[in-house]
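Numbering (numbering that gives the first Met the number 0), first residue to last: 0 to 280.
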Amino acid sequence: MSWFKRNKAGIQTATENKKEAPDGMWNKCPNCKKPLLNVEQVENKYVCHYCDYHIRIGSIAYFSILFDNNEFTELFPNLKAGDPLNFVDTKPYKDRLVDSQAKTGLNDALRSAVGKVDGQDLVIACMDFSFIGGSMGSVVGEKIARSIDYCIEHKLPFMLISKSGGARMMEAAFSLMQMAKTSAKLALLAQAKLPYICLLTDPTTGGVTASYAMLGDINIAEPGALIGFAGPRVIKETIKKDLPKGFQTSEFVLEHGFLDFIVDRRQLKQKISTFLKMVKG
Numbered sequence: 000m001s002w003f004k005r006n007k008a009g010i011q012t013a014t015e016n017k018k019e020a021p022d023g024m025w026n027k028c029p030n031c032k033k034p035l036l037n038v039e040q041v042e043n044k045y046v047c048h049y050c051d052y053h054i055r056i057g058s059i060a061y062f063s064i065l066f067d068n069n070e071f072t073e074l075f076p077n078l079k080a081g082d083p084l085n086f087v088d089t090k091p092y093k094d095r096l097v098d099s100q101a102k103t104g105l106n107d108a109l110r111s112a113v114g115k116v117d118g119q120d121l122v123i124a125c126m127d128f129s130f131i132g133g134s135m136g137s138v139v140g141e142k143i144a145r146s147i148d149y150c151i152e153h154k155l156p157f158m159l160i161s162k163s164g165g166a167r168m169m170e171a172a173f174s175l176m177q178m179a180k181t182s183a184k185l186a187l188l189a190q191a192k193l194p195y196i197c198l199l200t201d202p203t204t205g206g207v208t209a210s211y212a213m214l215g216d217i218n219i220a221e222p223g224a225l226i227g228f229a230g231p232r233v234i235k236e237t238i239k240k241d242l243p244k245g246f247q248t249s250e251f252v253l254e255h256g257f258l259d260f261i262v263d264r265r266q267l268k269q270k271i272s273t274f275l276k277m278v279k280g
């Protein structure tokens with residue numbers, strides 16, 4: 000059994016002497032599966048060095064990428080969802096909210112902040128997919144509405160970064176009402192002649208796509224993002240036809256006229272800054 004036993008120390012390290020890499024130091028690209036060092040990910044704006052895949056990130060990362068020196072003031076941070084329907088599926092909605100808040104450190108699926116982008120004031124509302132799939136509930140709609148009011152009061156442009164599975168079913172009609180509410184507020188923003196920038200990231204689906212995500216003065220997206228209303232499986236079963244290759248990717252959506260352009264995350268800040276300067280001029 001000598002082939003089975005470790006007879007001498009050499010190139011191989013004894014099991015008890017192995018050291019584990021600290022958690023969070025490495026990640027794996029979901030697309031090419033190659034290992035990525037976390038520090039290098041941050042420097043490369045969470046884009047894979049090997050295949051340029053745009054890794055899903057949340058509001059904390061987007062704010063650090065866009066705001067100068069990562070300096071900003073968060074708006075309306077203490078808003079939390081209620082449970083008006085006493086909804087229960089596999090667990091009570093109240094418990095699901097508490098669990099999500101504890102797991103993510105967020106109060107809901109959207110954070111809003113004001114800061115400077117290349118020296119220019121901008122309000123950014125960013126959705127977090129880690130909080131119940133980035134679902135749009137009453138708090139998401141209320142934060143967007145209040146952010147728009149803040150923009151109108153202070154005469155500031157508004158940017159919204161979408162990343163969502165759609166409306167939050169646990170709030171039923173309360174969540175669906177946010178589509179009309181936010182669209183009406185955006186009409187007021189347009190009347191005030193203030194620019195509205197939409198950034199669609201992976202994924203942007205459901206009622207979010209059908210409302211505020213596609214109402215920008217410019218609609219832009221990250222490469223390879225899933226953008227649509229219903230999912231491909233539902234559409235295929237409905238129309239009884241095979242879907243085109245790349246259906247519902249940002250490239251497909253751009254080709255069919257629903258986007259203005261696609262921007263690499265590493266050039267995002269520069270593109271936003273250029274647009275703000277154009278509308279000011």
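Quick reminder that beta carbons are idealized off the backbone N, C-alpha and C, glycines included.
For residue i, the first and last residue of its enclosing alpha helix (DSSP H)
i    : result
Q40  : N37 to E42
R95  : Y92 to T103
T72  : Note, T72: premise wrong, no alpha helix (DSSP H); beta strand (DSSP E) at F71 to L74.
I271 : L267 to K279
I217 : No alpha helix (DSSP H) holds I217; the beta strand (DSSP E) holding it covers I217 to A220.
F86  : Note, F86: premise wrong, no alpha helix (DSSP H); not H, not E.
S63  : S58 to L65
Under 8 Å between C-beta atoms of residue i and residue j
i    : j    : result
G104 : S134 : no
Y49  : C31  : yes
L187 : V139 : no
L193 : K154 : yes
F75  : M169 : no
I59  : K268 : no
N106 : N77  : yes
F157 : S146 : yes
A191 : I151 : yes
A171 : L84  : yes
Neighbourhood of residue i by C-beta, 8 Å cutoff - its chain only, sequence neighbours within 5 removed
i    : result
G215 : L159, Y195, I196 and C197
T72  : A112, V113 and G114
F62  : N69, F71, R110, A112, G114, I123 and C125
G81  : S137
E250 : P222, G223 and I261
Straight-line gap, residue i to residue j (C-alpha atoms, nearest Å)
i    : j    : result
G309 : L242 : No information on residue 309 is available, as it lies outside the stretch 0 to 280 that the chain covers here.
K276 : K162 : 26 Å
Y52  : R265 : 12 Å
K235 : P222 : 24 Å
M24  : N37  : 5 Å
L121 : L185 : 16 Å
F173 : I219 : 28 Å
T248 : T200 : 10 Å
A209 : F228 : 7 Å
E254 : I123 : 27 Å
M178 : V207 : 7 Å
T203 : A212 : 8 Å
M126 : I143 : 10 Å
F274 : A101 : 37 Å
S137 : C28  : 34 Å
P34  : Y92  : 37 Å
E39  : G245 : 29 Å
D94  : F66  : 34 Å
T181 : I217 : 17 Å
Extent of the continuous beta strand (DSSP E) run through residue i
i    : result
K115 : L109 to V116
T203 : Y195 to T203
K32  : First-last for K32: undefined, no H or E at that position.
N296 : The structure shown does not extend to residue 296, since the chain is modelled only from 0 to 280, so the question has no answer here.
N77  : Element bounds for N77: n/a, residue is neither H nor E.
N26  : W25 to K27
Residues near residue i in its chain [Cβ-Cβ closer than 6 Å; skip 5 each side]
i    : result
S99  : F130 and I131
V262 : I219 and K270
V252 : I226 and L258
C47  : C28
> Fully enclosed by the region 228–262, which alpha helix (DSSP H) runs are 4 residues long or longer?
Replying inline: 231–238 and 249–254
> Can you give, in chain order, each stretch of the beta strand (DSSP E) that sits fully within the region 116–192 and has at least 3 residues?
Replying inline: The qualifying runs are 119–126 and 157–163.
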